[in-house]
Every structure is written in C-alpha cells, then in structure tokens.
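Working notes for the structure below.
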Amino acid sequence: MRRKDDEKEQRIKRSVITLMLKEGFNGTSIAKIAKMAGVSPATVYIYYENKEDMLQDIYLQYSDEVFDYLLAGIRCDMDGAQLIETLIRRYYSYMKDHPEAFCFVEQFANCPSMASKCSCSRGMQSIFQWIEQKNSRPIHRRYSDKSVSAILFYPVKALAADHSSSEEEKAQLLEELIEMIQRAILA
1 MRRKDDEKEQ RIKRSVITLM LKEGFNGTSI AKIAKMAGVS PATVYIYYEN
51 KEDMLQDIYL QYSDEVFDYL LAGIRCDMDG AQLIETLIRR YYSYMKDHPE
101 AFCFVEQFAN CPSMASKCSC SRGMQSIFQW IEQKNSRPIH RRYSDKSVSA
151 ILFYPVKALA ADHSSSEEEK AQLLEELIEM IQRAILA
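Numbering (full-length UniProt numbering), first residue to last: 1 to 187.
Pasting the structure below:
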C-alpha cells in the first residue's frame with residue numbers, strides 16, 4: 001500500500017476548492033482534481049474513497065477551522081456585547097483572509113444533498129454551547145441558538161460579499177452591524 005504524503009494531500013484539497021468554486025460539483029472530476037494537484041487519479045483514491053467522501057472531509061476540515069478561529073478570540077470574562085463584537089469581527093476577518101475556503105464551506109453547506117450527509121461538523125450552534133460552559137454570562141437566554149446564529153452571521157456574510165462598497169464603507173457598515181446586532185440580541 002502506498003504511503004500518504006501531507007504535501008500531496010494539501011495540493012489535492014486546494015485543487016478541490018479551486019475547481020469547486022470555478023466549475024461546481026458536477027464540473028469537478030477526480031481527473032481534473034488530480035491534474036490540477038499534479039498527481040495521478042489513483043493517488044487521489046489513496047486519500048479519499050470517492051468524490052463525495054473527499055468533499056465531506058474537506059468541508060469538515062474547513063468548517064471546523066472557522067469554528068476554531070472564532071473561538072480563539074473568546075475569553076471567559078467577556079460580557080455579551082464583547083462576545084458578539086468578537087464573533088462578528090473574527091467571522092468577517094476569516095471571510096476576508098480565507099475567501100476560497102470560506103466560499104467552499106458556504107457552497108457545500110448550502111447544497112442540501114451534500115450537507116444532509118455530513119452532520120458531524122461542530123458548527124456554529126456549538127459556539128453557544130462552548131460559551132455557556134466557559135462563561136457564566138451567556139449571550140442570550142430568550143432566543144434559540146439558530147435564531148441568534150442567523151442574526152449574528154448572515155448579515156456579516158452579506159457585508160463580506162458586497163463588492164460594490166469600498167473597504168472604508170465596509171468598515172463603517174461593520175461597526176453599524178455590530179451595534180445593531182448587539183441591540184437585537186441583548187435588548
């Protein structure tokens with residue numbers, strides 16, 4: 001049996017993300033992935049059983065990366081307003097710093113046929129469980145985690161995806177969003 005090579009695996013993952021964003025799920029074949037990664041198609045199968053398995057593995061890796069990135073900025077002594085601001089700023093920062101990985105995660109998460117088969121991601125809802133375990137002052141009490149997650153993260157995604165605003169305008173809009181979301185959740 002052939003050995004796995006971390007560098008080859010990373011090239012395969014980068015190729016998958018690039019092709020998925022450029023050509024979509026149906027346009028991305030193992031042959032195209034292998035060619036872009038500079039490996040043989042047989043090499044891809046050393047790492048992944050099939051295309052679906054590969055996409056799920058990469059999705060889990062990057063969605064967990066987003067989760068870890070968000071949690072890295074949280075401290076146990078933060079109040080609700082600080083937690084909300086930190087989550088929003090870090091989420092926006094991640095999207096700007098890792099646009100391809102973020103777009104891949106979003107594309108995968110918004111594809112019902114793929115996401116429904118991949119329920120093992122820690123996901124955004126786990127953020128609230130982690131906060132409640134570590135912090136005696138949770139963000140909210142009255143609302144479901146899904147509702148809070150939607151209010152926290154969807155407006156930030158819309159702002160990051162806005163290609164018609166300048167960076168200065170986006171910075172002002174981010175400040176405005178933080179204030180609006182804090183008022184909505186903490187009121």
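Glycine included, each C-beta is placed from N, C-alpha and C at the ideal position.
Keep in mind it's a predicted model, so treat the numbers as computed, not measured.
Once the 5 residues before and after residue i are set aside, which same chain residues still bring their CB inside 6 Å of it?
i: S15; result: I33, M36, A37
i: G62; result: The sequence shown places Tyr at residue 62, rather than the Gly named in the question. Closer than 6 Å at the Cβ level, and outside the excluded window around Y62, lie A101, V105.
Within the same chain, show all residues whose beta-carbon is closer than 7 Å to that of residue i, passing over the 5 residues directly before and after it, in chain order.
i: I30; result: P41, V44, K51
i: I12; result: I33, A37, V39, V44, Y47
i: A81; result: Q182, L186
Between the Cα of residue i and those of the options, spot the shortest distance and give me the residue it belongs to.
i: L71; options: Y94, M54, L55; result: Y94
i: M151; options: A184, Y59, K13; result: In the sequence on display, residue 151 carries Ile and not Met. With distances taken between Cα atoms, I151 lies closest to A184.
i: V66; options: F25, Q182, E106, T18; result: E106
i: L174; options: D6, G80, T86; result: T86
i: A158; options: A187, C111, Y91, V148; result: Y91
i: Q182; options: P99, R89, H163, E100; result: R89
i: V148; options: H98, I84, D162; result: I84
i: S113; options: E176, E23, A187, Q56; result: Q56
i: D97; options: Y59, A161, S165; result: A161
i: L177; options: E169, P155, D77, E167; result: P155
Grab the span of the alpha helix (DSSP H) containing residue i for me, first residue to last.
i: I74; result: From DSSP, I74 is part of no alpha helix (DSSP H); its letter is neither H nor E.
i: S15; result: 6 to 27
i: A109; result: 99 to 109
Helix, strand or coil for residue i per DSSP?
i: S166; result: coil
i: A37; result: helix
i: R142; result: coil
i: Y48; result: coil
i: D79; result: coil
i: A150; result: helix
i: A31; result: helix
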